[in-house]
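Worksheet: one structure, shown below.
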Amino acid sequence: QKEVEQNSGPLSVPEGAIASLNCTYSDRGSQSFFWYRQYSGKSPELIMSIYSNGDKEDGRFTAQLNKASQYVSLLIRDSQPSDSATYLCAVNNYGQNFVFGPGTRLSVLP
Amino acid sequence: DVKVTQSSRYLVKRTGEKVFLECVQDMDHENMFWYRQDPGLGLRLIYFSYDVKMKEKGDIPEGYSVSREKKERFSLILESASTNQTSMYLCASETGSGNTIYFGEGSWLTVV
Chain A
1 QKEVEQNSGP
11 LSVPEGAIAS
21 LNCTYSDRGS
31 QSFFWYRQYS
41 GKSPELIMSI
51 YSNGDKEDGR
61 FTAQLNKASQ
71 YVSLLIRDSQ
81 PSDSATYLCA
91 VNNYGQNFVF
101 GPGTRLSVLP
Chain B
111 DVKVTQSSRY
121 LVKRTGEKVF
131 LECVQDMDHE
141 NMFWYRQDPG
151 LGLRLIYFSY
161 DVKMKEKGDI
171 PEGYSVSREK
181 KERFSLILES
191 ASTNQTSMYL
201 CASETGSGNT
211 IYFGEGSWLT
221 VV
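Line by line, the protein sequences give chains A and B.
Mapping of the first sequence onto the numbering used here: position 45 corresponds to residue 45, and the numbering continues sequentially without gaps.
Mapping of the second sequence onto the numbering used here: position 20 corresponds to residue 130, and the numbering continues sequentially without gaps.
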């Protein structure tokens with residue numbers, strides 16, 4: 001069974017700090033990786049996608065991928081209270097199915 | 111922007127009723143999905159479709175069926191609703207190349 005694992009949290013960080021969210025996956029054939037943010041009662045929204053090993057930056061967000069270690073992470077710099085949400089990691093192997101992790105709940109404390 | 115629209119946002123149905131959840135996407139995406147999301151259980155795939163009239167079972171298809179008569183529309187059907195189907199249901203679509211999956215706003219179903 002293909003699995004994606006995340007620490008469920010909650011992960012609490014003070015405002016202005018760096019939040020680090022981690023995800024591991026079991027399928028070595030996975031090719032595309034995504035981070036979604038989900039506010040309570042809302043649907044997931046895409047933050048970032050990453051396809052190659054290394055770092056990808058978009059504003060305050062940086063995704064990091066290490067296929068050899070089957071590990072993908074999301075860093076949020078200068079965390080804001082509005083970043084408080086559940087963050088879902090998703091993995092796809094260019095097939096038709098996406099595998100989602102259970103999500104990590106992030107709380108940014110003012 | 112990609113738009114995935116779930117027409118029914120909040121529904122309350124009685125046990126045994128037939129329930130239809132409709133989803134429409136406007137980006138000519140090949141793949142469409144139905145998930146349910148429950149606290150502590152994450153997103154679970156019910157069914158997906160990769161083409162008109164084609165469907166594949168996901169992880170939890172029991173008690174559900176789907177219909178895709180047109181490319182843009184994917185319907186989830188609960189033939190006989192039960193209380194354990196109370197959940198948030200999320201429709202999603204994707205180009206078919208393993209690219210980004212886009213979600214609708216969700217349908218909150220309560221079965222009493």
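Glycine is no exception: its CB is placed at the ideal position from the N, C-alpha and C atoms.
Bear in mind the structure is a predicted one, so any value in this text is a computation, not a measurement.
Residue i: first and last residue of the uninterrupted beta strand (DSSP E) it sits in
| i | result |
| --- | --- |
| Y51 of chain A | No beta strand (DSSP E) contains Y51 of chain A, which DSSP labels as neither H nor E. |
| E5 of chain A | 4-6 |
| F156 of chain B | What sits at residue 156 of chain B in the sequence shown is Ile, not Phe. Run containing I156 of chain B: 152-161, per the beta strand (DSSP E) assignment. |
| M137 of chain B | Premise fails: M137 of chain B is in no beta strand (DSSP E) and is neither H nor E. |
| I187 of chain B | 183-188 |
| E179 of chain B | 174-180 |
| I76 of chain A | 71-76 |
| D169 of chain B | Element bounds for D169 of chain B: n/a, residue is neither H nor E. |
| Q147 of chain B | 141-148 |
Test: residue i CB closer than 8 Å to a CB of chain B
| i | result |
| --- | --- |
| L65 of chain A | no |
| L46 of chain A | yes |
| S52 of chain A | no |
| S12 of chain A | no |
| S69 of chain A | no |
| S107 of chain A | no |
is_contact[residue i, chain A] using C-beta, thresh 8 Å
| i | result |
| --- | --- |
| L153 of chain B | yes |
| F158 of chain B | yes |
| L200 of chain B | yes |
Buried or exposed (CB count within 10 angstroms, at least 16 for buried), residue i
| i | result |
| --- | --- |
| L155 of chain B | buried |
| A85 of chain A | buried |
| P149 of chain B | exposed |
| S159 of chain B | buried |
Task: Proximal residues, the segment 73-104 of chain A versus chain B, C-beta separation under 8 Å - done: L88, A90, N92, N93, Y94, G95, Q96, N97, F98, F100, G101, P102, G103
- [ ] Report the residues of the segment 204-218 of chain B with a CB closer than 9 Å to any CB of chain A, ordered along the chain.
- [x] E204, G206, S207, G208, N209, T210, I211, Y212, F213, G214, E215, G216, W218
TODO: For the segment 17-46 of chain A, enumerate the residues whose C-beta is nearer than 9 Å to any C-beta of chain B, in chain order.
DONE: For the segment 17-46 of chain A, which is checked against every Cβ of chain B, the residues closer than 9 Å are Q31, S32, F34, Y36, Q38, G41, K42, S43, P44, E45, L46.
Task: Contact the segment 101-109 of chain A vs the segment 125-135 of chain B: 3+ CB pairs below 8 Å - done: no
Open item on the list: Count Cβ pairs between the segment 15-22 of chain A and the segment 114-125 of chain B that sit closer than 8 Å; are there 3 or more?
Closed with: Under the three-pair Cβ rule at 8 Å, the segment 15-22 of chain A does not count as touching the segment 114-125 of chain B.
- [ ] May I ask you to verify whether the segment 163-180 of chain B touches the segment 203-217 of chain B, counting CB pairs closer than 8 Å and requiring at least 3?
- [x] no
- [ ] Taking 8 Å as the threshold, find out whether the segment 181-199 of chain B comes into contact with the segment 70-83 of chain A through three or more Cβ pairs.
- [x] No, the segment 181-199 of chain B does not touch the segment 70-83 of chain A.
- [ ] Mind the definition here: the segment 57-64 of chain A touches the segment 31-49 of chain A only if three or more C-beta pairs lie below 8 Å; say whether that holds.
- [x] Per the Cβ contact rule, the segment 57-64 of chain A is in contact with the segment 31-49 of chain A (3 or more Cβ pairs under 8 Å).
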